Amino acid sequence: MREKLLNINELAVHFKLEEGIFKAVDGINISVGKKETVCLVGESGSGKTLTALAVMRLIPKPGFIAGGEVLFLGQDLLKVQEEQMREIRGARVSMVFQEPFTCLNPVYTVGDQIGESVDLHIGLKGLQKKTRVLEVLQLVGISDATRVYGAYPHELSGGMRQRVMIAMGIVSEPDLLIADEPTTALDVTIQAQILELLAALKEKLSLSILLVTHDLGIVNETGDRVYVMYSGRIMESGPKKDIFSGTKHPYTEGLLKSVPDLGPVKNRLYTIPGSIPEPLKVPGGCRFHPRCPYVMDICREKEPAETKFNGEHSAWCFRYGK
Amino acid sequence: MENNILAVKNIKKTFRTSGGIFAAGRSIYAVNNVSFEIGEGRTRGLVGESGCGKTTVGKIILGLEKPDSGEVSFNGKKISGLAEKELRPVRKDMQIIFQDPFASLNPRIRVGNAIGEALKIAGAADTSSRVKDIIKEVGLPEDTYYRYPHEFSGGQRQRICIARAIVSRPKFVVCDEPVSSLDVSVQSQIINLLKDLKDEFRLTYLFISHDLRVVKNICDSISVMYYGNIVEEGESEDIFAEPRHPYTRLLISSVPSIATPAAGARNRAAEAGKKEKSAPGRALHRNSEIEKGCAFYSRCLLRQNRCAGNIPELRDTGRGHKAACFLQEK
Amino acid sequence: MRKKNFSIGSVVWGRLKKNKLALLGAWIVLLLSLLALAAPLLAPCSPFEQDIGNRLLSPSSRHYCGTDELGRDIFSRMLYGARVSLSVGFIAVFISTIIGILLGALAGYFGGGVDNLIMRFVDIMLSIPTLFFILMLIVFLGPSIFNVMLIIGLTGWTDLARLVRAEFLSLKNREYVLSARVAGASNNRIIFHHILRNALSPVFVSVIFGVGGAILLESGLSFLGLGVQPPDASWGNILSSGKDYIEKAWWLTVFPGLAIFVTVMSYNLLGEGLRDAVDPRLVE
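So the protein lines, in turn, are chains A, B and C. Residue numbering for the first sequence follows my numbering, starting at -3 and increasing by one per position. Residue numbering for the second sequence follows my numbering, starting at 219 and increasing by one per position. Residue numbering for the third sequence follows my numbering, starting at 66 and increasing by one per position.
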């Protein structure tokens, strides 16, 4: 087993609502190895984005981290002082969001904004700072870095902005880059470029990537290992090829069968019946049981425990044991 | 050959950007000389990336936007240029389903009334019973009628929008990215629903989408748009089997697929992308180029000198498979 | 996110309930309205009955707020004055609301020339100092309760028109409005059934603030002798006639002044509470 950079253990993120406590992330374990791309895949409301935000300790109110630990190189990020966390954020762990436009300040140039994190995290000033910014802009595939350096966000296309966001994320040479749906707002041809860039950066900078996405196609093309999340719990996890060709969990199976793809056209697509549980109406037992084609009595009563298959492949389902 | 229910001929539409704080106002081609027909009972896909003008085409067809020139005919009758009042009798035969099921339902109006709007306006006597039937038809719970939109999930709201579109038994429906904002497990439900309804109510669809995976699974024929122009069109299977235009090829190879092995497709896309990487705000600087040469020139890997100065026409390459590319000319 | 079955109104009410000041405002507004309605039942004396022998009496158990220079009971006059002040407030705001909604809706929905025409007219209205404009109109029409209502109503719609126009501009291209057009809805139906419904919350808030403002304006005009004419009572003209006796009979000015203050204040508190309660940013 590879040495792990990030270990999320029994993480729980809860929301205090008027009607009760909503367990958005309900005790999950995720690990990211060095130089590994881990995909966290799920639909809306699965808690995948909150998991990513929890690593950064950026859970929005009224949400809060209700338990568990986030071990980054052995240090529990949930226990460090806020000041220390600020040093880790951006420097050791950085994050790229879905919508690059809203994450860039419209009144500062790209150079200013990337320069700020250089200043903050590496402590370079003046010409050195500028050199470093230009360097990183070239690294993310911007060939006319000098022009982009002086440009304002609105002067750039969506793909360029996302490159700038990624540049900002990697300028301090972090160990871990968390990318939350980094290509969802982009056109498909631009998306292909950005995914390619992330893969290249991983090699060049020995970067570990936690990629949060809803798109199984993206998972297939970029991931090393995959976690499938549903309604706050992990359903199945494992190396990509095990997930795609040795699927164990009925939810993963349903997703893979139902996504429209470029393969042969079927007259009717497979569908998973029903819809995602509402926040306060998460079913008891296995939370997928109302939609599961293989549902058994025990699924309604108990939550399934982890069943390990060969290697790192696991599923949480009663079809394979307890 | 079936008869065409809809024909769009040479429509053009320019928008003037109002400038705003940062940019000067200028006119941009949203739609540039677009023509196509849809045979009765067929599903035509209109594919392209954001800003290519596909949504504008849909709105022009429905009379929600006025074209600068060109015409739209429905059932052999010209409908573009009609005043709102003259358009009303045609309206019951043409409907639209929007992308965002949250924005397309009025939050203050009960679902039953929202669905029944078109019937009520047309003065149908049995509005409520027809609405209740259609609610069942699209797979919604029976008490939907009296509830408000905010009580429903995204997928259910899209079912409501679909019910609203088909309750007046239209012949033609524009589906503008109807599944793009939905969750994966809900997408396939809605796609199947659209297919079922098409068979049951003998509908014709114009299916606007950026997602080739969805388009491939629902459309009979496809038009690919790039910056206001149709660059390729033909039967769906022909286009996916043998894309003729370099842009179509780039699009198809960029799609992240769960079936194809990763490396090959990705490399091709990246290769094609390099050319474009540093192009600044490409949506804005392109207007002068587009008038002179091929719109795809700056991104094309196979470009030649003649592509810069001449505009390629859409040419038939056999079986109605057309492409606007000089490389297809023999 | 799916929610329980509730209407927008109950959401707003739920939020308003938590705002203590707004709730206080609402209770005072309600109480004042009841007092005004029930004035003939509650007033211990006739508001017009003069009693020269008992002029300028200080507040006592017989005359709660004392008597004025003609020996009239201030408390009774204030109750009847409340009727005048509140009804001027409501009717004036009613007039300006109708005008404001209509013109704002037309301008926002149709845009172009119609919009230009209406908004330039609004600009002209706004460029004339309001008080000067009102004084001019009153001189022209003559002071009376009816004219005060009319004039306040006719001059007070500009802000509302702008507000409604802005709402219409942002709502008219919503997809549900386009859907209604595709369904064949007429302009009338789209404006009133589809768009106005969604623009009503801010309009409602503005109306509440407007009532407070109109009451204040009416008091001001009556104080200047250009509003409600004696012997009819209004808080403004009680205040006005009291100002000559301010040194010997403080109650002549303090009580009507207090009434105006409390009323306007509670309308503003209620308005502010409502504004927060209907704030769409707080709606999930």
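All C-beta atoms in this analysis are idealised placements derived from N, C-alpha and C, irrespective of residue type, glycine included. Bear in mind that the values here come from a model prediction, so they are computed numbers and not experimental data.
- For Met225 of chain A, the enclosing beta strand (DSSP E) has its first and last residue at Arg221 to Tyr226.
- Pairing Gly281 of chain B with Ile256 of chain B gives a Cβ-Cβ distance that is not under 9 Å.
- Rounded to the nearest whole angstrom, the CA to CA distance from Asp220 of chain A to Ile174 of chain A is 15 Å.
- Within the region 22 to 92 of chain A, the complete alpha helix (DSSP H) runs of at least 4 residues fall at 44 to 51 and 78 to 84.
- Under the three-state reduction of DSSP, Trp312 of chain A is assigned to strand.
- Following the DSSP letters along the chain, one finds Arg234 of chain B inside the beta strand (DSSP E) bounded by residues Asn222 to Arg234.
- Selection A:Thr185, A:Ser227 and A:Arg159 evaluated against Ala196 of chain A yields A:Arg159 as nearest (Cα-Cα).
- Here Glu258 of chain B carries a coil assignment [DSSP, helix/strand/coil].
- The beta carbons of Leu323 of chain B and Tyr241 of chain C sit about 6 Å from each other, so the pair counts as a contact at 8 Å.
- Listed in chain order, the non-local C-beta contacts of Ile408 of chain B below 7 Å within the same chain comprise Gly373, Gln376, Pro396, Val397 and Leu400, local neighbours out to five positions each way being set aside.
- Setting aside the 5 residues that flank it on each side, Val442 of chain B is surrounded in the same chain by Val265, Val449, Glu450 and Thr466, each with a C-beta closer than 6 Å to its C-beta; the list follows chain order.
- Take the alpha-carbon of Asn293 of chain B and the one of Phe458 of chain B: they are about 30 Å apart.
- The alpha-carbon of Glu283 of chain B is positioned some 20 Å away from that of Asp180 of chain C.
- Three or more beta-carbon pairs separated by less than 8 Å are not found between the region 298 to 306 of chain B and the region 212 to 219 of chain C, which leaves the two stretches without contact.
- Taking a Cβ-Cβ threshold of 7 Å, none of the residues of chain B is close to Leu234 of chain C; the smallest such distance is about 13 Å.
- Taking the CA atoms as reference points, Thr179 of chain A sits about 28 Å from Lys126 of chain A.
- The DSSP-derived three-state label of Asn333 of chain C is helix.
- Counting only runs of at least 4 residues, the region 94 to 138 of chain A fully encloses the following alpha helix (DSSP H) elements, listed from N- to C-terminal order: 96 to 99, 106 to 113 and 122 to 135.
- In the DSSP assignment, Lys304 of chain A falls within the unbroken beta strand (DSSP E) covering Glu302 to Lys304.
- With a threshold of 9 Å between beta carbons, Leu212 of chain A makes contact with chain B.
- The C-beta of Gln80 of chain A has fewer than 16 other C-beta atoms within 10 Å across all chains shown, which makes the residue exposed.
- In terms of Cα proximity to Ile183 of chain C, the closest of C:Thr195, C:Asn302 and C:Ala170 is C:Ala170.
- Leu421 of chain B and Val391 of chain B do touch by the CB rule: their CB atoms are close to 6 Å apart, below 8 Å.
- If you ignore the 5 residues before and after Gly322 of chain C, its C-beta comes within less than 7 Å of the C-beta of Leu304, all in its own chain and listed in chain order.
- Taking a C-beta cut-off of 8 Å against chain A, the contacting residues of the region 385 to 417 of chain B are Asp401, Val402, Ser403, Val404, Gln405, Ser406, Gln407, Ile409, Asn410 and Lys413, listed in chain order.
- Ser254 of chain A and Ile476 of chain B have their C-alpha atoms spaced approximately 11 Å apart.
- Contact between Gly146 of chain C and Ser331 of chain C does not hold, since their C-beta atoms are separated by about 16 Å, which reaches or exceeds 8 Å.
- Here Gly207 of chain C is exposed. Its C-beta has fewer than 16 other C-beta atoms within 10 Å.
- For the pair Pro194 of chain C and Ile426 of chain B, the Cα-to-Cα distance works out to about 54 Å.
- At a cut-off of 9 Å between beta carbons, Gly372 of chain B contacts chain A.
- Within the model, the alpha-carbon separation for Asp456 of chain B versus Gln405 of chain B is close to 25 Å.
- Counting along the chain, the unbroken alpha helix (DSSP H) around Pro267 of chain C starts and ends at Leu261 to Phe288.
- Here Ala343 of chain B is exposed. Its C-beta has fewer than 16 other C-beta atoms within 10 Å.
- Here DSSP, grouped into helix, strand and coil, assigns Cys525 of chain B to helix.
- Under the DSSP assignment, Val404 of chain B falls in the alpha helix (DSSP H) whose first and last residues are Val402 to Phe419.
- Residue pairing by DSSP places Ile470 of chain B in no beta bridge whatsoever.
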